[in-house]
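Participant: Residue numbers (the working numbering): 249 to 413.
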């Protein structure tokens, strides 16, 4: 196993562990918090961003922007969006895919667009105003190597000098 695949495997296992932990918490909390329009996607999104993107992928909080139309943008030092994350309530599936795809044209600096319900993750390369190659992983059907390869390009060190050093 070369150094890169070992690093990807370690990263993949950390991401798998955190995503599974968040999904389990979502399930447990959902037994008690079921107020319409108040529970679900927003809590799930917050946990994913804080625990996976901040905790594992090392995105500093001041480079993470929560919104309405764009659920989450991860920006660089110049406040240029680099990653767009769209979350759906776990188990809902990747609904509104056409709307998600149409949004990428608003930010010419995006490199990746991700949509997830926690179980299924789809990552698209962004090429100008269009989406390029799509890669999809199912958290309950993959190993840490594949998850590591999926998430490695999203690591903050690929976008922020302060994380790289």
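Using N, Cα and C, we set each Cβ at its ideal position, and we do this for glycine too.
In this text the structure is predicted, and so the values were computed from the model without any measurement.
Which of the three DSSP states, helix, strand or coil, is assigned to residue 315?
Facilitator: Here residue 315 corresponds to residue number 67 of the chain shown, with the count starting at 1. Note: residue 315 maps to coil in three-state DSSP.
Participant: Kindly indicate the opening and closing residues of the beta strand (DSSP E) around residue 396.
Facilitator: Numbered from its first residue, the chain shown carries residue 396 at position 148. No beta strand (DSSP E) holds residue 396; the alpha helix (DSSP H) holding it covers 392-399.
Participant: Taking just the CA atoms, how far does residue 333 sit from residue 390?
Facilitator: Indexing the chain shown from 1 puts residue 390 at position 142. Indexing the chain shown from 1 puts residue 333 at position 85. Straight-line Cα distance between these residues: approximately 21 Å.
Participant: Which whole-angstrom value is the C-beta distance of residue 359 and residue 330, which I expect to be below 8 Å?
Facilitator: By one-based count along the chain shown, residue 359 stands at place 111. By one-based count along the chain shown, residue 330 stands at place 82. Yes, they are in contact, since the Cβ atoms of residue 359 and residue 330 sit about 5 Å apart, within 8 Å.
Participant: Ignore the nearest five residues each way along the sequence and tell me which others in residue 340's own chain have a CB closer than 6 Å to its CB.
Facilitator: Start at 1 with the first residue of the chain shown, and residue 340 comes out as number 92. So the list reads 365, once near-sequence residues are dropped.
Participant: Under 7 Å Cβ to Cβ from residue 267, same chain only, skipping five residues before and after it: list those, please.
Facilitator: By one-based count along the chain shown, residue 267 stands at place 19. Answer for residue 267: 300, 366, 387, listed in chain order.
Participant: Kindly identify the DSSP beta-bridge partner or partners of residue 381.
Facilitator: Indexing the chain shown from 1 puts residue 381 at position 133. Per DSSP, none; premise fails for residue 381.
Participant: Compare the C-alpha of residue 307 against each of 380, 317, 296, 316 and name the closest.
Facilitator: Mapped onto the chain shown, residue 307 falls at position 59. Nearest option by C-alpha distance: 296.
Participant: Is the separation between the beta-carbon of residue 379 and that of residue 349 shorter than 8 Å?
Facilitator: Within the chain shown, numbered from 1, the residue matching residue 379 stands at position 131. Within the chain shown, numbered from 1, the residue matching residue 349 stands at position 101. Going by C-beta atoms, residue 379 is nearer than 8 Å to residue 349.
Participant: Can you tell me whether DSSP reads residue 290 as helix, strand or coil?
Facilitator: Position 42 of the chain shown holds residue 290. Helix.
Participant: Determine the closest residue to residue 316 out of 289, 298, 264, with distance taken between C-alpha atoms.
Facilitator: For the purposes of this step, residue 316 is identified with residue 68 of the chain shown, where counting begins at 1. Closest option to residue 316, Cα to Cα, is 289.
Participant: Confirm, please, whether the CB-CB distance from residue 398 to residue 383 is below 8 Å.
Facilitator: The sequence position of residue 383 within the chain shown is 135, counting from 1. The sequence position of residue 398 within the chain shown is 150, counting from 1. Going by C-beta atoms, residue 383 is nearer than 8 Å to residue 398.
Participant: Taking DSSP's pairing of strands, which residues face residue 369 in a bridge?
Facilitator: One-based indexing of the chain shown puts residue 369 at position 121. Residue 369 is bridged to 364, 385.
Participant: Taking residue 293 as the reference, which of 369, 395, 319 has the closest Cα?
Facilitator: By 1-based counting over the chain shown, the position of residue 293 is 45. Among 369, 395, 319, the Cα nearest to that of residue 293 belongs to 319.
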